[in-house]
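**Student:**
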Amino acid sequence: MSKIKRLVQSYAKYISIPWRDDAAAAQRVVFCVYSEAEERRIRAKMDEFEIATRQAGHEWALFDLTDTFAIWLASQRYARSYFQKPHLLSTLLPKYLTFITDQFEAFLQKNDIGPDSVVAIEGVGSLFGFLKVKEAVDKLAPMVKGRLLVFFPGSFENNNYRLLDGYDGWNYLAVPITADKEY
């Protein structure tokens, strides 16, 4: 059985467990962790995660971060200057997180997301080098009353997440789901 199929099965088992109503925002976050080499296959199988979610009696919504940086940067007044002098971007990056937060809030309202919904986020690899996933999750998780599912291309070892295995990771309280972990 493929790793992705095992990941879907592990997720399906976890998401079918009854939810506690009194869980804090950080406890409502779930990370599906997989090798960055599997990114395209995960995206191709996204509907299987949606089916598993709906079979467990929950609603599903998918938010994609992939193009947010390009959209945000193109909307900046001095975008051409930032292309010519990319080192100046560091002063502007906190506004990128605000842009993501605003886009996410609009997405939640548009899709009428309730407390029995799973809001999945794909494309977190596109944050690499601009923002830490933890910063984005810390901002977005409190907005979701159901569960926030983050598709995470990287690794999870000893309670430590590493995005794209590119730099030192961080500790986070989210529930990790991997192809090798059974629920």
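The numbering of the sequence shown is our numbering, which starts it at 22 and goes up by one.
Backbone N, C-alpha and C define an ideal beta-carbon position, used for all residues, glycine too.
#1: Indicate the three-state DSSP secondary structure (helix, strand or coil) for K34 in the structure shown.
#2: Please identify the residue among P39, E57, A157 whose C-alpha is closest to the C-alpha of T74.
#3: For D68 and A100, what's the separation of their Cα atoms in angstroms?
#4: With respect to the alpha helix (DSSP H) encompassing P115, which residues constitute its N-terminal and C-terminal limits?
#5: Please report the distance separating the alpha-carbon of L169 from that of F125.
#6: By DSSP's criteria, W81 is part of a beta bridge. Which residues make up the other side?
#7: Bridge partners for I198 per DSSP, in chain order?
**Tutor:** On the basis of the coordinates in this document:
#1: Correct three-state label for K34: helix.
#2: P39
#3: 36 Å
#4: Membership of P115 in the alpha helix (DSSP H) is indicated by the continuous run 114-131.
#5: 12 Å
#6: V139
#7: C53
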